[in-house]
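Asker:
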Amino acid sequence: MSTAPLHKIGQQCIPFCEVYFDDVVLTEDQRMGEPGKGFMMLMKNFEVERAYIVAEQVGLAQAALEDAAKYANQRIAFGKPLYKQEMIQELLTDMEIKVQTTRQLLYKTLWMMDNDQPVQLESAMLKRYGCKECFNVIDMALQIYAGLGYTTEVRVGRLWADARGNMFGGGTHEIMAYICGRQVAKKYADA
Ligand SMILES: Cc1cc2nc3c(=O)[nH]c(=O)nc-3n(C[C@H](O)[C@H](O)[C@H](O)COP(=O)(O)OP(=O)(O)OC[C@H]3O[C@@H](n4cnc5c(N)ncnc54)[C@H](O)[C@@H]3O)c2cc1C
11 MSTAPLHKIG QQCIPFCEVY FDDVVLTEDQ RMGEPGKGFM MLMKNFEVER AYIVAEQVGL
71 AQAALEDAAK YANQRIAFGK PLYKQEMIQE LLTDMEIKVQ TTRQLLYKTL WMMDNDQPVQ
131 LESAMLKRYG CKECFNVIDM ALQIYAGLGY TTEVRVGRLW ADARGNMFGG GTHEIMAYIC
191 GRQVAKKYAD A
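Residue numbers (my numbering): 11 to 201.
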C-alpha cells in the first residue's frame, strides 16, 4: 500500500492523500461484516458521518458569527459602529437564523439516531442544507470584515476555507439531492 499527499486549501489539521492498494492480500479473519453487505455498511456509516460533519460546520459558523458580531460592534465606519448600518443588521440576522436552524435540524437528526429511528433522509437533508447555510454564514462574516477578512490577520478566512471542504466530504451537495429526492417523492406518493 502507498499514499500520495494532496495539499488542501483548508482543514490543515487533517492530512489528505490518495491511497493505493497495490498487491494487498486480505485474509478471511480481516473481513468486516457479512459478505455482500459492504456497500450497505458504508452507507450506514455515512449517515452518522454526515451528522458529525454538520456538527463541525455549525461550530465553524458559530465562531464566524461571534467574530463578525464582535467586529461589527468595534469597527467604526462613516462615524458609527458597523452594526448600526441596517444592511449589516440584516446580515447578522440571517446569520443567526441560519445557525439556529441548522443546529435544530442537527439536534433532531441526532435525537432520531439516539432513538434508533432511520435517518437516511434526515442525515442527507441535514448535510445538504446545513453545510451550505453554514458556509453562507461564514461568507457573510467575511463580508462584514471585508478587506481585513481577506487577510490572515483574522481567522474568518480560515473558517471559510475549512467550511467549503465540508460541502464535499461525506458526499457532495448534488449527491445529497440524489439521496433525498427519491425518498421525498416516495414519502408523499399517496398524499
Ligand atoms: C474535506 C474533505 C474530506 C474528505 N474526506 C474523505 C475521507 O475521509 N475519505 C474518502 O474516501 N474521501 C474523502 N473525501 C473525498 C470526498 O468524499 C469526495 O471529494 C466527494 O465524494 C466527491 O467526489 P469527487 O471529489 O471524486 O468528485 P466527483 O465525483 O468527480 O464529482 C465532481 C462533481 O460532479 C458532481 N457529480 C458527480 N456525480 C454526480 C451525479 N450522479 N449527479 C449529479 N452530480 C454529480 C459532484 O457532486 C461534484 O460536484 C473528502 C473530501 C474533502 C473535501
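The beta-carbon is built from N, C-alpha and C at its ideal position, and this holds for glycine as well.
With respect to 7 Å, is the separation between the Cβ of Gly179 and the closest non-hydrogen atom of ligand 1 below this value?
Answerer: Result yes, Cβ under 7 Å from ligand 1.
Asker: Does ligand 1 have a heavy atom nearer than 7 Å to the CB of Gln21?
Answerer: Yes, Cβ of Gln21 sits closer than 7 Å to a heavy atom of ligand 1.
Asker: Skipping 5 residues on each side, what residues in its chain have a beta carbon closer than 6 Å to that of Met123?
Answerer: Once the five neighbours on either side are set aside, the close Cβ partners of Met123 are Val129.
Asker: Can you confirm whether the stretch 141 to 161 touches the stretch 169 to 182 when touching is taken to mean that 3 or more C-beta pairs between the two stretches lie within less than 8 Å?
Answerer: Short answer: they touch.
Asker: Less than 8 Å between the C-beta atoms of Leu115 and Tyr139, yes or no?
Answerer: Result yes, Cβ atoms of Leu115 and Tyr139 sit closer than 8 Å.
Asker: Helix, strand or coil: which one does DSSP assign to Phe26?
Answerer: It is a strand residue.
Asker: Do you know how far the Cα of Ala134 is from the Cα of Arg192?
Answerer: One C-alpha to the other measures close to 12 Å.
Asker: Let's see if you can read the secondary structure: which residues bound the alpha helix (DSSP H) around Leu70?
Answerer: From DSSP, the alpha helix (DSSP H) with Leu70 extends over 48 to 84.
Asker: Let me know if Thr112 comes out buried or exposed under the rule of 16 or more other beta-carbons within 10 Å of its beta-carbon.
Answerer: The residue is buried, with at least 16 neighbouring Cβ atoms inside 10 Å.
Asker: Taking one C-beta from the stretch 93 to 101 and one from the stretch 21 to 39 each time, how about it: are there three or more such pairs within less than 8 Å?
Answerer: Not touching, per the Cβ criterion.
Asker: Of the choices Phe178, His17, Lys108, whose alpha-carbon is the least far from that of Ala71?
Answerer: Ranking Phe178, His17, Lys108 by Cα distance to Ala71 puts Lys108 first.
Asker: For the stretch 176 to 186 and the stretch 52 to 63, state whether three or more C-beta atom pairs, one from each stretch, are separated by less than 8 Å.
Answerer: With the cut-off at 8 Å, the stretch 176 to 186 and the stretch 52 to 63 touch.
Asker: Excluding the five sequence neighbours on either side, which residues of its own chain have a C-beta within less than 7 Å of the C-beta of Cys190, listed in chain order?
Answerer: Counting only Cβ-Cβ distances below 7 Å, and skipping sequence neighbours, we find Leu131, Ala134, Met135, Arg138.
Asker: Is the Cβ-Cβ distance between Val29 and Thr13 less than 8 Å?
Answerer: Their beta carbons are under 8 Å apart, which means Val29 touches Thr13 by this criterion.
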